[in-house]
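Numbering (this note's numbering), first residue to last: 54 to 747.
Each residue gets a CB set at the ideal place from its N, CA and C atoms; glycine is no exception.
Here the structure is a predicted model, which is why all the values come from computation and not from measurement.
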Ligand code: BDP
């Protein structure tokens, strides 16, 4: 049990359930011919053989007796099914009686719908549910559901905590590691339908024929599973691999170069999804190098992919090296004036918060800032700022918080959420796209830890249905990954649901942010104030001094609050009405500021850091009690990681409190343990082995 099987762990069901399953589906078929149908048939055979603990054969013709049959509505036309509204990728699972027999039917408009329905059926069983009475209709709300790999061509994964890149460029295209197929299965099982293979800090080399041939080989493996391949486009590629002197998007030669290059890509990969671009951000080249704007750059690429049906995902993660600016405001300032200037096939990819994947941020104001531009969400599945792979933090709750956040009010007084702001112009979908920065690598368990698999899983689920609740998702995942027994699920799901808040408490409570150490972002570094750019320094973000702490983004401060809708602006402009979780994001307050709890701000900060550590202690106790339900190998690894998390939660608490004690000149309130070392000790610690150090 090394975690390799993810949510495709087709363990045998308990004996009573198996009896029920066997009687309901004594014969099984998946109808149809295509490669995707073949994948569905194969998955059904593998899955049911495991769950039923016998060799299950899956036929290709309408089965007899009590049976399970899957296929497109066309293939199933003999059954006179009422067709449900499943759209181009959805499915319907129903039970019916026909001539005295029970038929369980998985029906879809498309082959990929049949595959998704097959996974849904198997998952239903893995969650210990009966087949009798099964009724399930599901279709994705979101059109493009993508993983973004930050994988370099040398297989280094930027912000990767799970080994090397899965893509073995050297052995591609001739050797197709079976893992590529398992990757596609795992993703199809959660509805992911796109993958951007390469780092946003892009290397133009991937657009050369040698690499395109390799990317095409991956695309061939993924295609039956409904997954399209995308690549990151380095803006200066026309210079670097095209021999041109400029990459100016308004230069005709540059435009022609991208068109030819794009046509070439489509020759290799006929269903290529399109480009993901990081431009004029953190040193990456972009249109502003030529005095052009983001729309000029994005539109040039959009025109190149448009004839092939491709899209361009243009990232809004931009901020200038100007210390007079509040970094939180900059994406809005750059993109809102360009509203309406982007081509229809451009999606602006916005990180969930205005800064950078912090344990907690308010949602990015861009989501409510534009009207005529398609926006898509970028979440970070890999836990760059939440303790890497050894801290257990279930991110479903964080993403749910963003997706459900009220963002806008209509003239009629209706409140629209962030999800509502990502509307699709394709009638088959309500949301256009969601991307998650992958946490996947060559580690046997794929994600660096077992519980980080839950974040990959939750991303897929929430991309499929942004209104899905995080708790249901956690429950499904835990049931399929470990066991559906309630004695296990109840405490473990509760632990998962509180886990991200524990991280917030011991790292950056009350709206604090970006206190992580420099470069690798491993551990605390609130004292750092000497980096090349002001907005890379934690001290820039917390602004703590003798008097108080917090970033004043109110109307008398940086006024970032004005980028939000009036009802939010009003609420967040006043510390008294700002929720505690965002207090120091929007306000700089005296250490003596009186909190709703009756404590002073200083006492409250100490209380939260302490509470974070206590939460991790409680998580360890919960996990210890789960030993009877989990195989020894996975139980032990998770227990060890939780021990690391507790140690590091304490380190965060002690280092931050030691630093804030020094800055504020205050002692800890009675009853709290004084940090065992002074700030200099914490400052002096270095971590050359931390991933991301290079
Ligand atoms: C930051 C990461 C950096 C990424 C950047 C991005 O530290 O490695 O390149 O985001 O999203 O969070 O482009």
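- The distance from the Cβ of residue 294 to that of residue 300 is about 11 Å, inconsistent with a contact at the 8 Å cut-off.
- Comparing alpha-carbon positions, the option among 594, 498 and 160 lying closest to residue 145 turns out to be 160.
- By the neighbour-count criterion, in which a residue is buried when 16 or more other Cβ atoms sit within 10 angstroms of its Cβ, residue 68 is exposed.
- Cβ contact annotation for residue 214 (same chain, cutoff 6 Å, sequence separation greater than five): 441, 442, 501 and 744, in chain order.
- Shown here, residue 459 sits in a strand according to DSSP, grouped into three states.
- For the pair of segments examined, the segment 58 to 78 was found to touch the segment 95 to 112: the number of CB pairs separated by less than 8 Å reaches three.
- Rounded to the nearest angstrom, the Cβ distance from residue 426 to residue 478 is 11 Å, too far for a contact under 8 Å.
- With respect to the C-alpha of residue 710, the residue from 406, 243, 730 and 88 having the closest C-alpha is 730.
- Sequence-distant Cβ neighbours of residue 452 in its own chain, meaning closer than 6 Å and more than five residues away, are 432 and 515.
- The C-beta separation of residue 720 from residue 714 comes to about 7 Å, placing the pair in contact by the 8 Å criterion.
- In the three-state reduction of the DSSP assignment, residue 273 falls in the helix class, which pools H, G and I.
- Distance check between residue 86 and each of 142, 78, 178 and 168 places 168 closest, using alpha-carbon atoms only.
- 185 is the residue among 171, 185 and 134 whose C-alpha sits nearest the C-alpha of residue 155.
- Secondary structure note for residue 224: it is in no alpha helix (DSSP H), with a DSSP letter that is neither H nor E.
- The shortest C-alpha to C-alpha distance from residue 557 to any of 606, 633 and 490 is the one to 633.
- Annotation for residue 327: the continuous beta strand (DSSP E) segment containing it runs 327 to 330.
- Look at residue 502 here: in three-state DSSP terms it is coil, with no helix or strand label.
- Residue pairing by DSSP places residue 249 opposite 201 and 283 in a beta bridge.
- The beta carbon of residue 662 is closer than 8 Å to those of 558, 559, 562, 705, 706, 709 and 710 in its chain, skipping five residues each way along the sequence.
- Closer than 7 Å to some heavy atom of the ligand BDP: that does not describe the Cβ of residue 79.
- Residue 572 sits in coil when the DSSP states are folded into three classes, being neither helix nor strand.
- Inside the segment 492 to 548, DSSP marks whole alpha helix (DSSP H) runs of 4 or more residues at positions 503 to 517 and 523 to 534, from first to last along the chain.
- C-alpha of residue 329 to C-alpha of residue 204: approximately 13 Å in a straight line.
- Look at residue 253: its beta carbon is less than 7 Å from one of the heavy atoms in the ligand BDP.
- For residue 194 and residue 506, the gap between their C-alpha atoms comes out near 23 Å.
- For residue 697, the enclosing alpha helix (DSSP H) begins and ends at 685 to 717.
- Residue 410 has its Cβ nearer than 7 Å to a heavy atom of the ligand BDP.
- Between the alpha carbons of residue 129 and residue 635 lies a gap of roughly 53 Å.
- Taking a 10 Å sphere around the C-beta of residue 420, we find 16 or more other C-beta atoms and assign the residue as buried.
- Boundaries of the beta strand (DSSP E) harbouring residue 468: 468 to 470, taken from the DSSP string.
- Going by DSSP, residue 381 is part of no beta strand (DSSP E) at all; its letter is neither H nor E.
- Counting other Cβ atoms within 10 Å of its Cβ, residue 609 stays below 16 and is therefore classed as exposed.
- Residue 151 and residue 132 have their alpha carbons spaced roughly 9 Å apart.
- Using a cutoff of 7 Å, the CB of residue 414 does not count as near the ligand BDP, since none of the ligand's heavy atoms is closer than that.
- The residue among 326, 742 and 369 with its C-alpha nearest the C-alpha of residue 359 is 326.
- Here residue 82 really is in contact with residue 112; their C-beta atoms are around 4 Å apart, less than 8 Å.
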